[in-house]
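Q:
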Amino acid sequence: MDDKKNIILAVLLTALILFGWPYISNRFFPAANPPATKIEGGKTTPVAQPGADPAADSPAAIRDRALVLRESPRVPIRTPKLTGSINLKGARIDDIVLPTYRETIAKDSPAVRLFSPRGTVDAYFAGFGWQGEGIKAPDGNTVWTAEGTELTPTSPVTLRWNNGAGQTFEIRYSVDQNYMITAQQKVSNSGAGTVGIKSYGYVSRMGIPKDPDTWTIHVGPMGVFNGAANYDVNYKDLDKGPATQSFQSTGGWLGFTDKYWLSALVPDQKASVAGQFRKGAGTQYQADYSLAPVMLAPGKAITQTSRLFVGAKEVKTLEAYQDAGVPLFDRAIDWGWFYWFEKPIFALLHWLFEHIGNFGVAIICLTFIVRALMFPVAQRQFASMAAMRAVQPKMKALQERYKDDKPKLQQEMMELYKREKVNPLAGCLPIFIQIPIFFALYKVLMLTIEMRHQPFVLWIKDLSAPDPLHILNLFGLLDFTPPAFLGIGVLALLLGISMYFQFKLNPAQMDPMQQQVFAIMPWMMMFIMAPFAAGLLVYWITNNCLSMAQQWFLYKRHPQLSAVEAK
Numbered sequence: 001m002d003d004k005k006n007i008i009l010a011v012l013l014t015a016l017i018l019f020g021w022p023y024i025s026n027r028f029f030p031a032a033n034p035p036a037t038k039i040e041g042g043k044t045t046p047v048a049q050p051g052a053d054p055a056a057d058s059p060a061a062i063r064d065r066a067l068v069l070r071e072s073p074r075v076p077i078r079t080p081k082l083t084g085s086i087n088l089k090g091a092r093i094d095d096i097v098l099p100t101y102r103e104t105i106a107k108d109s110p111a112v113r114l115f116s117p118r119g120t121v122d123a124y125f126a127g128f129g130w131q132g133e134g135i136k137a138p139d140g141n142t143v144w145t146a147e148g149t150e151l152t153p154t155s156p157v158t159l160r161w162n163n164g165a166g167q168t169f170e171i172r173y174s175v176d177q178n179y180m181i182t183a184q185q186k187v188s189n190s191g192a193g194t195v196g197i198k199s200y201g202y203v204s205r206m207g208i209p210k211d212p213d214t215w216t217i218h219v220g221p222m223g224v225f226n227g228a229a230n231y232d233v234n235y236k237d238l239d240k241g242p243a244t245q246s247f248q249s250t251g252g253w254l255g256f257t258d259k260y261w262l263s264a265l266v267p268d269q270k271a272s273v274a275g276q277f278r279k280g281a282g283t284q285y286q287a288d289y290s291l292a293p294v295m296l297a298p299g300k301a302i303t304q305t306s307r308l309f310v311g312a313k314e315v316k317t318l319e320a321y322q323d324a325g326v327p328l329f330d331r332a333i334d335w336g337w338f339y340w341f342e343k344p345i346f347a348l349l350h351w352l353f354e355h356i357g358n359f360g361v362a363i364i365c366l367t368f369i370v371r372a373l374m375f376p377v378a379q380r381q382f383a384s385m386a387a388m389r390a391v392q393p394k395m396k397a398l399q400e401r402y403k404d405d406k407p408k409l410q411q412e413m414m415e416l417y418k419r420e421k422v423n424p425l426a427g428c429l430p431i432f433i434q435i436p437i438f439f440a441l442y443k444v445l446m447l448t449i450e451m452r453h454q455p456f457v458l459w460i461k462d463l464s465a466p467d468p469l470h471i472l473n474l475f476g477l478l479d480f481t482p483p484a485f486l487g488i489g490v491l492a493l494l495l496g497i498s499m500y501f502q503f504k505l506n507p508a509q510m511d512p513m514q515q516q517v518f519a520i521m522p523w524m525m526m527f528i529m530a531p532f533a534a535g536l537l538v539y540w541i542t543n544n545c546l547s548m549a550q551q552w553f554l555y556k557r558h559p560q561l562s563a564v565e566a567k
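When we follow UniProt numbering, the leftmost residue of the sequence shown carries the number 1, and every step to the right adds one.
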């Protein structure tokens, strides 16, 4: 009876963790953002909040991207990992392409375009600006003058604008070899009076990305406030209201995270930051921050430095920026609860890939390493199974003797376990150890861009995507795509077959219910796992084959297990 409960419990817990683990994160409740003020004539008056997009913008008619890009003067951006341009109208960074990544695995696939100007499909852009009281600040219609012809890692560009009232605004843009753009915002006051002003930065996007926001992958607004990663806000929250959610922090960062891409504003890490996520008109969303207002006397100038990350969520790149002072930047990848375990799994898998050159083979090698580490545990499991089989007749006798006295039966069972030195839960230990390994690999395959579009062999061109060959459409010969729950591919079929033979090697179960569970599980898992990443199925199939080899070896080490079954 206990053996039956243990098997059912293990199956239920496995299914629960893999497919129903609720996504819960530590909620962060910041204080409300107090209004900025200035002192003028002995009175305290508020400084206006940033009039940043989308609050200042209204939806524009969708037009061709090439046409929109030609409508305003621009400064090109050219780095090893970024190409695009800065729009001199509004000083917006609204044209960013990632030349090292493609939309699909097709040879003629275009490069991934992350930022697009307002008025195009999926408009997505960022900028920096100022707002204040009694001062004419630049806005989205301001046309800036550029000093510099191209933004590259070795040639910064300075944008300059004079408001005609005594204040000159400058933004000096520089960029590194990866994805970080630095903006030095300078205001010079040559007017007759003191002005109150504060700087801000924003990222604005139109529409919701195709990547779904699930309990395993957070997609949408995200930030780090006061040293804690915040995944609490998503697009649906802003749609339902409140349309603005504010945060106070010292330093940190905020922006929008997609499955593989990130746009993030990184203000001065020593500054007091008022950040917010908000919903604009239609499907416009914005992440922005503002710094504390300053009073700028005549003849004075102030420079404030912020940064914008716009690019791919490469683990080593994020870690390098984190080491350089951007707090918890690697948490832009939603590692989840098993962060402490997933990072080593990723590091080992990526190291294997770098040395082998084939990601599928790296997964197989990882499986061998995991099985080798778990071999001592498996030995104990088989020894426990052998001991449990040996006491089965005694257990059955006790069940018959005390079938009407459950408390006495439990007491006698415990005494039997002590006398025979067996542990009924020992057989479940490898399952519980395997679950975090399996889940960690699942997250690594689903989240890390290093695994995106990695081929294996033959028809497996992308191990981060499901098996493209489906049995129901005769491997593509029939012109239709089966629904996800019926999209049984070759790998899913191999998974079911390997699991079936693995269970056949196990000793025959005495309980009919256990026999039914083990008989149906391989084919149930075949349907459940079919939509998952091909790399995950490669891992599981390899693991099943190694398990069968290991079982054969351990049967030789524990012949009493087979002997009990033969009786």
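By construction, the Cβ of each residue, glycine as well, lies at the ideal position given by its N, Cα and C atoms.
These numbers were taken from a predicted model, which means no experiment stands behind them.
Where do the N-terminal and C-terminal ends of the beta strand (DSSP E) with residue 571 fall, by residue?
A: Because the chain in this structure spans residues 1 to 567, residue 571 falls outside the shown range and cannot be described.
Q: Note down, in chain order, each residue of its chain lying with its Cβ closer than 8 Å to the Cβ of Asp122, except the 5 sequence neighbours on either side.
A: Position 122 of the sequence shown, counted from the first residue, corresponds to residue 122. Answer for Asp122: Ser116, Arg205, Met206, Gly207, listed in chain order.
Q: What three-state label does DSSP hand Arg160 in the structure shown?
A: Start at 1 with the first residue of the sequence shown, and residue 160 comes out as number 160. The answer is strand: DSSP assigns Arg160 an E or B state.
Q: Can you tell which of Phe247, Gln434, Pro212 has its C-alpha closest to the C-alpha of Lys236?
A: To locate residue 236, count along the sequence shown from 1; it is residue 236. Comparing Cα positions, the closest option is Pro212.
Q: For Lys279, is the classification buried or exposed, using 16 other Cβ atoms within 10 angstroms of its Cβ as the cut-off for buried?
A: For this step, residue 279 is matched to residue 279 along the sequence shown. Its Cβ being crowded by 16 or more others within 10 Å, Lys279 is buried.
Q: Applying the criterion that 16 or more other CB atoms from any shown protein chain within 10 Å of the CB defines a buried residue, is Met414 buried or exposed?
A: To locate residue 414, count along the sequence shown from 1; it is residue 414. Exposed is the label assigned to Met414, since fewer than 16 other Cβ atoms lie within 10 Å of its Cβ.
Q: Hey, could you find the ends of the alpha helix (DSSP H) residue 568 is sitting in?
A: Because the chain here runs from 1 to 567, residue 568 falls outside it and cannot be looked at.
Q: Using 7 Å as the threshold, is the C-beta distance between Ala91 and Leu159 below it?
A: By 1-based counting over the sequence shown, the position of residue 91 is 91. By 1-based counting over the sequence shown, the position of residue 159 is 159. Yes; because the gap between Cβ atoms is below 7 Å, this pair is in contact.
Q: Below 8 Å CB to CB, which residues in the same chain sit around Gln550 once its five sequence neighbours on both sides are set aside?
A: The sequence position of residue 550 within the sequence shown is 550, counting from 1. Counting only residues of its own chain and dropping the five nearest sequence neighbours on each side, Gln550 has a CB closer than 8 Å to the CB of Arg371, Phe375, Ala378.
Q: Helix, strand or coil: how does DSSP classify Phe480 here?
A: Here residue 480 refers to the residue found at position 480 of the sequence shown. The answer is coil: DSSP assigns Phe480 none of H, G, I, E or B.
Q: Using CA coordinates, which residue listed in Met499, Ala492, Lys556 is at the minimum distance from Ala534?
A: The residue given as residue 534 occupies position 534 in the sequence shown. That would be Ala492, whose Cα lies nearest to the Cα of Ala534.
Q: Taking the beta carbon of Gly41 as the centre, do at least 16 other beta carbons fall within 10 Å, making it buried, or is it exposed?
A: Translated into positions along the sequence shown, residue 41 becomes position 41. The predicted model places Gly41 with a pLDDT of 42, which falls under 50 and marks its position as unreliable; any figure quoted below should be read in that light. Counting Cβ neighbours within 10 Å, Gly41 comes out exposed, since fewer than 16 surround it.
Q: Does the Cβ of Asp404 have 16 or more other Cβ atoms within 10 Å, making it buried, or fewer, making it exposed?
A: Along the sequence shown, read from residue 1 onward, the residue named residue 404 stands at position 404. Looking at its Cβ environment, which holds fewer than 16 other Cβ atoms inside 10 Å, Asp404 is exposed.
Q: Under 6 Å Cβ to Cβ from Thr257, same chain only, skipping five residues before and after it: list those, please.
A: For the purposes of this step, residue 257 is taken as the residue at position 257 of the sequence shown. Cβ within range, chain order: Met222, Ala332.
Q: Is the stretch 301–317 touching the stretch 177–193 in the sense that three or more CB pairs, one from each, lie closer than 8 Å?
A: Verdict: yes, contact present.
Q: Using DSSP's beta-bridge definition, name the partner residues of Leu398.
A: For the purposes of this step, residue 398 is taken as the residue at position 398 of the sequence shown. According to DSSP, Leu398 bridges with nothing at all.
Q: Looking at the unbroken beta strand (DSSP E) that takes in Met206, where does it start and where does it end?
A: Here the question's residue 206 lines up with position 206 in the sequence shown. From DSSP, the beta strand (DSSP E) with Met206 extends over 195–206.
Q: For Gln434, which residues in the same chain have their Cβ closer than 7 Å to its Cβ, ignoring the five residues on either side in sequence?
A: The residue given as residue 434 occupies position 434 in the sequence shown. Excluding residues within five positions, none has a Cβ falling inside 7 Å.
Q: Drop a sphere of 10 angstroms on the beta-carbon of Ala355, count the other beta-carbons inside from all chains shown, and report buried for 16 or more, exposed for fewer.
A: What you label residue 355 is simply residue 355 of the sequence shown in a count that begins at 1. Note on residue identity: the sequence assigns His, not Ala, to residue 355. Exposed is the call here.
Q: Assuming Val219 and Phe277 make a contact with CB atoms under 8 Å, what is their CB distance in whole Å?
A: For the purposes of this step, residue 219 is identified with residue 219 of the sequence shown, where counting begins at 1. For the purposes of this step, residue 277 is identified with residue 277 of the sequence shown, where counting begins at 1. At roughly 13 Å, the Cβ-Cβ gap does not stay under 8 Å, so Val219 and Phe277 are not in contact.
Q: Leaving aside the five residues before and after Leu69 along the sequence, list all residues of the same chain whose C-beta is less than 8 Å from its C-beta, in chain order.
A: For the purposes of this step, residue 69 is taken as residue 69 along the sequence shown, with counting starting at 1. Excluding positions up to five away in sequence, the list reads Ser85, Asp95, Pro117.
Q: What would DSSP say about Ala372, mapped onto helix, strand or coil?
A: Working through the sequence shown from its first residue, we reach residue 372 at position 372. Helix at Ala372.
Q: Quick check on the burial criterion: 16 or more other C-beta atoms within 10 angstroms. Buried or exposed for Ile7?
A: Residue numbering aside, residue 7 sits at position 7 when the sequence shown is read from its first letter. The pLDDT assigned to Ile7 is 40, lower than 50, so where the model puts this residue is not dependable; a value taken from the coordinates is nonetheless given after this. A buried status is given to Ile7, since no fewer than 16 other beta-carbon atoms sit within 10 Å of its beta-carbon.
Q: My output table needs one value for Gln502: the three-state DSSP class, helix, strand or coil.
A: As a first step, residue 502 is located in the sequence shown; it is residue number 502 there, counting from the start. Helix at Gln502.
Q: Do Gly193 and Leu265 come within 7 Å of each other at the CB atom, strictly closer than that value?
A: Here residue 265 corresponds to residue number 265 of the sequence shown, with the count starting at 1. Here residue 193 corresponds to residue number 193 of the sequence shown, with the count starting at 1. Not a contact, by the Cβ cut-off of 7 Å.
Q: Would you give the residue range spanned by the alpha helix (DSSP H) that Phe353 belongs to?
A: What you label residue 353 is simply residue 353 of the sequence shown in a count that begins at 1. Run containing Phe353: 339–356, per the alpha helix (DSSP H) assignment.
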